[in-house]
Amino acid sequence: MAKHKTPLLDQLESGPWPSFVSDVKQEADARAKNEKGIDYQIPVDCPDDLLGVLEMSYTDGETHWKHGGIVGVFGYGGGVIGRYCDQPEMFPGVAHFHTVRVAQPNGKWYNTQLLRSLMDIWELRGSGLTNMHGATGDIVFLGTTTPQLEEIFWELTHDLDIDLGGSGSNLRTPATCLGMSRCEYACYDSQELCYNLTMEYQDELHRPAFPYKFKFKFDACPNGCVAAIARSDLSFIGTWKDEIRIDQEAVAAYVGGEIAPNAGAHAGRDWGKFDIQKEVVDLCPSKCISYDGKLTIDNKECVRCMHCINTMPKALRIGQETGCSILCGAKAPILDGPQMGSLLVPFIEVNKDDDYQAIKDIVENVWDWWMEEGKNRERIGETMKRLGMAALVNAAGVPVDARQVQEPRHNPYIFWKAEDVDGGWERDINDFRTRHQR
Ligand code: SF4
605 MAKHKTPLLD
615 QLESGPWPSF
625 VSDVKQEADA
635 RAKNEKGIDY
645 QIPVDCPDDL
655 LGVLEMSYTD
665 GETHWKHGGI
675 VGVFGYGGGV
685 IGRYCDQPEM
695 FPGVAHFHTV
705 RVAQPNGKWY
715 NTQLLRSLMD
725 IWELRGSGLT
735 NMHGATGDIV
745 FLGTTTPQLE
755 EIFWELTHDL
765 DIDLGGSGSN
775 LRTPATCLGM
785 SRCEYACYDS
795 QELCYNLTME
805 YQDELHRPAF
815 PYKFKFKFDA
825 CPNGCVAAIA
835 RSDLSFIGTW
845 KDEIRIDQEA
855 VAAYVGGEIA
865 PNAGAHAGRD
875 WGKFDIQKEV
885 VDLCPSKCIS
895 YDGKLTIDNK
905 ECVRCMHCIN
915 TMPKALRIGQ
925 ETGCSILCGA
935 KAPILDGPQM
945 GSLLVPFIEV
955 NKDDDYQAIK
965 DIVENVWDWW
975 MEEGKNRERI
985 GETMKRLGMA
995 ALVNAAGVPV
1005 DARQVQEPRH
1015 NPYIFWKAED
1025 VDGGWERDIN
1035 DFRTRHQR
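When we follow the working numbering, the leftmost residue of the sequence shown carries the number 605, and every step to the right adds one.
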């Protein structure tokens, strides 16, 4: 029997979609009955009081959560977000309601044993309520008390070998797609690179020293399953620099209706008889495909959008000289509106043999510049906008490239530096090309 009356929240259960209100009520009910005989380490009526405080917020038109100081675990500057209720007498079950961010496994690969172990910890020491997953990708444990934080941290790290994620002005938990573990389009091993950089940058992940948050995301191909281009300050997107491989017999089989397009997925519409002109040629954004009984691609014009490959995956394959592009500066609309990442490095090899050193050099150059120039609570995308793309390119130590230019300049005045006119930029480009075998 619910402790609080929640007429406003109850309305949220009436729509066609699953409701978090029903989930919280279910957990409140389970705790009241406690059929499993759990020795709950936080107040049993935590989910019930959560409903109560939320109803009160809806009634009052203002939040009843407050940030009451820093909480965390020993040695870490992030991973726990402190939250307190400003009505603790009325809702003692949520007097503390801290969020714990738990690093997700690469590509969100779990086994059921790990999920059960996570839930065992959280039923015992927290509210039992989770957010699978938060925007950064973390497993988010919603609501526990201060005394439980070290206990949870110990059990996660010692029993399950799982770390806390990032929060605050630090490197947030890096996120990657499934990559080579399942996907034939993967241009590099995104999981390996994500793991390597996560281990390399443990200090940046756990000890906030940046002007603001910073996110890495790794998409192994331009399909962008983790949407790195829109959601990360530095995105690593798989690409190739040679030609799309074409199997003309398979193309003919698509045209003849022997192979279903789009890998047999309807994508919400009836494809009817496959029309290669309409479905592929006309939809190529750079108009570099033609079909006259034989499919031809002008590869130097291809922008790697993946549309033709997604539509005819048995006939077209990514190239063989693969690597990734690095883009910088995406962010959500906190201050200046949303922003996509800008191309910083058109192509770089993803080379495990040198421990990804070329990539790490760029990462550290970018960080050094942003930590020097960035204002407090300024995302790197905003620093870029304020100081200009050229400043970032210089700081990153990568050569100037026409593909970094979004549009031609509006005025004819160009300010050359001495090193630009004596061939300095040419030396830079040649040096970069030699290093990355372009
Ligand atoms: Fe055209 Fe995109 Fe295919 Fe490239 S990947 S050929 S741009 S449809």
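Glycine residues also receive a C-beta, built at the ideal position from the N, C-alpha and C atoms.
Alpha carbon of residue i to alpha carbon of residue j, nearest angstrom
i	j	result
residue 886	residue 853	21 angstroms
residue 932	residue 606	49 angstroms
residue 598	residue 828	Because the chain in this structure spans residues 605 to 1042, residue 598 falls outside the shown range and cannot be described.
residue 760	residue 615	37 angstroms
residue 727	residue 644	7 angstroms
residue 1042	residue 922	Only weak support is given to the placement of residue 1042: the predicted model assigns it a pLDDT of 49, under 50, and the question is left unresolved by the model.
residue 1033	residue 952	13 angstroms
residue 955	residue 814	27 angstroms
residue 750	residue 642	20 angstroms
residue 960	residue 627	44 angstroms
residue 848	residue 874	27 angstroms
residue 688	residue 983	27 angstroms
residue 1036	residue 964	15 angstroms
residue 970	residue 758	34 angstroms
residue 882	residue 775	44 angstroms
residue 910	residue 919	13 angstroms
residue 936	residue 924	34 angstroms
residue 561	residue 753	Only positions 605 to 1042 of the chain appear in the structure, and residue 561 is not among them; the question remains open.
residue 686	residue 693	19 angstroms
residue 610	residue 745	24 angstroms
residue 658	residue 972	42 angstroms
residue 670	residue 700	10 angstroms
residue 647	residue 631	13 angstroms
residue 857	residue 903	23 angstroms
residue 797	residue 781	11 angstroms
residue 975	residue 898	53 angstroms
residue 735	residue 704	10 angstroms
residue 737	residue 837	19 angstroms
residue 978	residue 808	16 angstroms
residue 872	residue 997	42 angstroms
residue 900	residue 863	19 angstroms
residue 819	residue 724	30 angstroms
residue 663	residue 697	20 angstroms
residue 732	residue 639	15 angstroms
residue 934	residue 1008	15 angstroms
residue 980	residue 994	22 angstroms
residue 612	residue 730	26 angstroms
Counterpart residues of residue i in DSSP-defined beta bridges
i	result
residue 921	849
residue 779	821
residue 863	Its beta-bridge partners do not exist; DSSP assigns none.
residue 887	Partner(s): none; residue 887 has no beta bridge.
residue 669	689
residue 684	704
residue 1062	With the chain represented from 605 up to 1042, any question about residue 1062 goes unanswered, as that position is not in the structure.
residue 926	844
residue 895	899
residue 613	Looking at the DSSP assignment, residue 613 forms no beta bridge with any residue, so it has no partner.
The ligand ZN heavy atom lying under 7 angstroms from the CB of residue i
i	result
residue 910	Among the ligands modelled here, namely the ligand SF4, the ligand ZN does not occur.
* Asked: Using 8 angstroms as the threshold, is the stretch 773 to 789 in touch with the stretch 906 to 922, meaning 3 or more CB pairs across them?
  -> yes
* To do: Count the C-beta pairs between the stretch 709 to 720 and the stretch 677 to 686 that are closer than 8 angstroms, then say yes if the count reaches three, no if not.
  => no
* Could you tell me which uninterrupted beta strand (DSSP E) segments, each at least 3 residues in length, are contained entirely in the stretch 690 to 764, listed from first to last along the chain? => 703 to 706, 734 to 736 and 743 to 746
* Using 8 angstroms as the threshold, is the stretch 767 to 779 in touch with the stretch 798 to 814, meaning 3 or more CB pairs across them? -> yes
* Asked: With a cut-off of 8 angstroms, do at least 3 Cβ pairs link the stretch 814 to 828 to the stretch 837 to 851?
  -> yes
* Could you give the uninterrupted runs of the beta strand (DSSP E) lying entirely in the stretch 790 to 859, keeping only those of 3 residues or more? -> 820 to 823 and 838 to 844
* To do: Tell me, please, whether the stretch 696 to 713 touches the stretch 737 to 744 by the rule of three or more beta-carbon pairs shorter than 8 angstroms.
  => yes
* Asked: Can you give, in chain order, each stretch of the alpha helix (DSSP H) that sits fully within the stretch 615 to 655 and has at least 4 residues?
  -> 624 to 637
* Note down, one range per segment and in chain order, each alpha helix (DSSP H) of at least 4 residues found wholly within the stretch 936 to 997. => 961 to 977 and 984 to 991
* Asked: Is there contact here, the stretch 937 to 948 with the stretch 898 to 910, by at least three beta-carbon pairs under 8 angstroms?
  -> no
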